[in-house]
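A.B. asks:
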């Protein structure tokens, strides 16, 4: 009776628990782990006008904030109010706390604005508190928890362990009865289709478990489905016929279970069977002995009593293609020996050990053993990864018995190390130290070097790489050695003889030396400099040479490349010694010869003052002899200056000189469509909703279609959250569907540039904690920045990405992999796809010259070229298979990571090119084997040419900024050194926040948004006429409009997914002239550009200024009778149009700082958005639409002025009322007269308190409403 009452109580408890619908579980307290000055009490209410205030002084740190629940509950959903901006670099992590357990539920990145975002949990979790792990102000502004309260009667059975069938906490349809199975007690019976039982269990730790079900089946074809509380199916299992409803048998399967308290539902998909218990068992340990009958799944086999030593059962009746699965946990990755205990009556058999995915790990042949119970042991070896996994024993050829398999670690077979050490060329006393380089098949132990005679040559690796230094004339032997380890036998020593010749002596002769001309702007510096070296060669001796401050490298080189055919023999060198002394940090001048040998030829220490000095500061010579080199230097390929901080004020070289024979050629004009200028930077959350990242959000996609190109900021972590395990759909970091994004962009005609950037967490873990930054140089800690092999991890993920999304369908499938393990039961599984043809361009990281990150985040030009060489083709296919994007898709175009130092000129690019000359050489056609296909830089025009340094006071119009000289230098460099390679600008733009150093400014009667629109469109037109082939504006959405930091308010789309004025201008210009190609500039003041499409001309006119200036211009349209003049209009899909008659084919126009487009009325053009071939251009008429459709309100949020546009044909008056969003109080009322054209009215909100306001717009009998956020200045 006691047992019956307890069962009844459990049943009633279950009924109460499961009859409840999801309800709100409120928070009763909020406690931070550390006080940072931030008040979190607004989290305890739902008032969206009462938000958590930002804190700055002591808040730049990670803090845990605990929200205590009013009662313990099974949490199934969280909801967040998003009002802070996007912070994907440091998202908030959300945890559930249940006693001492802490379970990660997900992350919050602030993907939207002023909206509630739901986070449904894939599996409900028990919790008594929610913890927000947050950095600074990166938080949701409100939090709600939903679920079902748990009563005190709910008991949880610990597993691993056995759960009796009758101990259910809830059920539907079944009954219990006494059982005849071993152990007695009760079983569950009368199980019909769709009956179910719920069990409360507490799982010790997350992992894959073996589940054994004790069942009896007399006649049916039963089926079990094991589900989580919220319906996710964990596993499905067929129930075989056992010979009766009390003829018991155990069947097995595996399922992944999360750790902690949870509810498992056992559902009878097909009934008519009995159920006694189920047992949850952990994975079998490896190394260890595994009994054959402990399988977790099987096909076709049976068990029987064995005669083998130890007794028990063996598996028998094994036919061809039968199999057994074993759930194992491998202690550590490495080689293992598999010892199978088998018996065979006749013939031979064959076993394959496979992974769950079907990969064959090893094959073992089974010989004749003398009978079905005559057991012997056969063995094979396989390499296993560490951790929980399923091993399948597959009978390729059957008819054998199987008793056990003993899996044990085994030592790998050591192989001999073999050193490759090239012969050494002769040296001369005075030669510079040189690198000692040797390679080996053993990459696990270091190669060391030794010299037989240190009086001739000494060796050292004090700098981290082995170098040899010539010390005297004679002969010495250098020996390369390598020790062994468990995997490799020590190498045989390899010796090389070095002959060092004495320094030559040259008798003094009469010289015919001339001053060698130096083209000062040709020097480029391998550091983040602000100024060039022109001051060294300007003839001015009383002005110091200063290349700038805040350099990331304290010691660095500057290169002067000689042109093809250009030669010089240097006999004498003169330095003018101005102020300062630098004996400890001298400047040195070297030459790199045509054999890539570096020879130091002169040193400057500043030990004299106000006079000319020579190349040897310690020699007390006088007259011309003090300037003369001991030996004239010829065969120079480069001059190299190495400096710390100081230079002479002037430098002169004397000797003989032959100029280059290469003629100067004009830069060819390219056919650049205007639509190529209309790209934007975007993230995956700009396409998909974080609450449902599997599909495209159509509202967001409408905004995306404003642009004709997207630069996808793509974190490496998204593709490879776990080392060697690649994911795309869904990404295992964030759950995004990249396939859907790229497929949709291709369908919409939007070109995608994939920018692979930042370090994944597993690589960051190789760095000390104080050096972890996702924008570090993309290699493991301690790796050599100069070695392409250091970048193999990035080159591998790039190969995998392009194998999937590139255009090559013939990639070797054996080289392509995905992480097919779901994150949780029911999670979509990644599958291998090859050659989808969705991505044509890929960018190798972003701004690798980021000096502001310090040395750990900065690559010199030569280091980045080494990085690119790995990324491009595995450094000329020397890094093994599956490395480099060109080995996945030869057609993909590799784009240089946008250069942030472009404002100082193309120095960085030139350094990259020269690295390729040295380490990649030349193609058969004589061109340099460059490891990129597109030159790319970033430039934000401002009033001090500071670009991203933040020292400017505002942005500047593109045509009067440094953007003019920068683009000229880059296009010229592309022509002169890179065979007219395309030049792109993938970041440019302006902020709207008036505290930003890159702000667009109000001009005349234009506010900052109108100026931003002007400058954005003019930037596109500027780069089209300058020869740039693609432009991507930064960016689609504001990072945080209220933050005056640069880039925070540069978004082109509002938070409600409508276009800002700048995006309106882009949309309208693309609609008009997107298919047109730039042809020529007819006038420069005002600017008049001619575009052409299918032989027909269109013209763009604009005043290149930023003071509100206008100009008159008479445009000749030939025989045209009328001109259609289009002016971009804010808040509209179409530009305003005027039809103006010509006089003798000419039309006189007033040109302003807003571009206008002119097309002769008799021309036929193609709309960029039309599917028809051609369409006659008509007037851009206002459509007869509802008031709600025609109203546009911007900016939103606003700090001072809100503009209301009404674009319809209704001529009725407009009334605008401004109400408080929280109190309903009327603050302002505006009335306006409207014609049949558009209507625009600015409303001053600067005096209103910060908060949400409702704008009521009325016209006639219609009215509509808009929400506007008034923000702090």
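In our numbering, the protein residues as written are 209 to 1481. Glycine included, each C-beta is placed from N, C-alpha and C at the ideal position.
1. First and last residue of the alpha helix (DSSP H) that includes residue 1075?
2. Going by DSSP in three states, residue 969 sits in which element: helix, strand or coil?
3. Terminal residues of the continuous alpha helix (DSSP H) containing residue 1179?
4. Sort 841, 1403, 792, 833 by Cα distance to residue 776 and report the nearest one.
5. Does the ligand GTP have even one heavy atom less than 8 Å from the beta-carbon of residue 870?
6. Between residue 735 and residue 1398, what straight-line distance do the alpha-carbon atoms span, to the nearest angstrom?
7. Exposed or buried, residue 427, counting other C-beta atoms within 10 Å across all chains shown (16 or more means buried)?
8. Using 8 Å as the Cβ pair cut-off and three pairs as the minimum, do the segment 1267-1276 and the segment 1332-1341 touch?
9. Could you tell me the distance, in whole angstroms, from the CA atom of residue 1134 to the CA atom of residue 1187?
10. Helix, strand or coil: which one does DSSP assign to residue 831?
11. In three-state DSSP terms, what is residue 279?
12. For residue 554, which of 396, 577, 1450, 1113 has the nearest alpha-carbon?
13. Can you have a look at residue 180 and say buried or exposed, based on whether 16 or more other CB atoms are within 10 angstroms of its CB?
14. For residue 1428, list the residues DSSP reports as bridge partners.
15. Taking residue 1214 as the reference, give the member of 1129, 1195, 1448 with the closest Cα.
16. Since residue 1107 sits in a beta bridge, which residues does DSSP pair it with?
17. What residue range does the alpha helix (DSSP H) around residue 1396 cover?
18. Determine the extent of the beta strand (DSSP E) in which residue 1020 is found, giving its start and end residues.
19. Comparing alpha-carbon positions, which option in 386, 1283, 340 lies nearest residue 1305?
20. Given that a residue counts as buried once 16 or more other Cβ atoms are within 10 Å of its Cβ, and exposed if not, what is residue 463?
21. Using the Cβ count rule (16 or more neighbours within 10 Å means buried), how would you classify residue 669?
22. Residues in the same chain with beta-carbon distance under 6 Å from residue 180, minus the five sequence neighbours each way, listed in chain order, please.
23. Could you give the distance in angstroms between the alpha-carbon of residue 1352 and the alpha-carbon of residue 1368?
24. Per DSSP, which residues does residue 642 bridge with? Please list them.
25. Are the beta-carbon atoms of residue 1012 and residue 1058 separated by less than 9 Å?
26. Between the segment 1108-1122 and the segment 723-740, do at least 3 Cβ pairs fall closer than 8 Å?
27. Kindly indicate the opening and closing residues of the alpha helix (DSSP H) around residue 1227.
28. Can you tell me whether DSSP reads residue 996 as helix, strand or coil?
29. Check whether the segment 409-427 and the segment 576-591 are in contact - that is, three or more C-beta pairs closer than 8 Å.
30. Buried or exposed for residue 316, going by 16 or more other Cβ atoms inside 10 Å?
31. Tell me which residue opens and which closes the alpha helix (DSSP H) that residue 242 is part of.
32. Tell me the DSSP bridge mates of residue 408?
33. Is there a Cβ from chain C that is less than 9 Å from the Cβ of residue 1028?
34. Take residue 801 and list the residues in its own chain whose beta-carbon comes closer than 7 Å to its own, dropping the five residues that flank it on each side.
35. From what residue to what residue does the beta strand (DSSP E) around residue 612 run?
36. Which residues bound the alpha helix (DSSP H) around residue 1274?
C.D. replies: Here's the rundown:
1. Looking at the DSSP string, the run of the alpha helix (DSSP H) that includes residue 1075 is 1069-1085.
2. Here residue 969 sits in helix by DSSP.
3. Segment 1171-1185, the alpha helix (DSSP H) holding residue 1179.
4. Comparing Cα-Cα distances from residue 776 to each of 841, 1403, 792, 833, the minimum goes to 841.
5. As for the ligand GTP, it is missing from this structure, which has no ligand bound.
6. About 53 Å.
7. Exposed, by the Cβ-count rule.
8. By the Cβ test, the segment 1267-1276 is in contact with the segment 1332-1341, since at least three Cβ pairs between them sit closer than 8 Å.
9. Their backbone Cα atoms lie some 11 Å apart in a straight line.
10. Here residue 831 sits in helix by DSSP.
11. Residue 279: strand per DSSP, three-state reduction.
12. Of the candidates 396, 577, 1450, 1113, 577 places its Cα closest to the Cα of residue 554.
13. Outside the shown range of the chain, which is 209 to 1481, sits residue 180, and nothing can be said about it.
14. Paired residues: 1461.
15. Measuring from the Cα of residue 1214, the nearest candidate turns out to be 1448.
16. Per DSSP, the beta bridge partners of residue 1107 are 1145.
17. Annotation for residue 1396: the continuous alpha helix (DSSP H) segment containing it runs 1395-1398.
18. In the DSSP assignment, residue 1020 falls outside any beta strand (DSSP E), carrying neither H nor E.
19. The shortest C-alpha separation from residue 1305 is found at 1283.
20. So residue 463 ends up on the buried side.
21. It counts as exposed.
22. Residue 180 is absent from the structure shown; the chain starts at 209 and stops at 1481.
23. C-alpha separation (whole angstroms): 13 Å.
24. DSSP, once it has assigned bridges, lists 676 as partnering residue 642.
25. No, the Cβ-Cβ distance between residue 1012 and residue 1058 is not below 9 Å.
26. Three or more Cβ pairs drawn from the segment 1108-1122 and the segment 723-740 lie within less than 8 Å of each other, which places the two stretches in contact.
27. For residue 1227, the uninterrupted alpha helix (DSSP H) segment begins and ends at 1216-1234.
28. Correct three-state label for residue 996: helix.
29. The segment 409-427, when compared against the segment 576-591, does not touch it at the 8 Å Cβ threshold.
30. Its Cβ being crowded by 16 or more others within 10 Å, residue 316 is buried.
31. In the DSSP annotation of this structure, residue 242 is not part of any alpha helix (DSSP H), being labelled neither H nor E.
32. Looking at the DSSP output, residue 408 shares a beta bridge with 471.
33. Going by chain labels, chain C is absent from the structure shown, which holds only one protein chain.
34. Excluding residues up to 5 positions away in sequence, 807, 843, 844, 845 lie with their Cβ nearer than 7 Å to the Cβ of residue 801 in the same chain.
35. It spans 609-617 - the beta strand (DSSP E) in which residue 612 sits, taken as one unbroken run.
36. Element bounds for residue 1274: 1269-1281.
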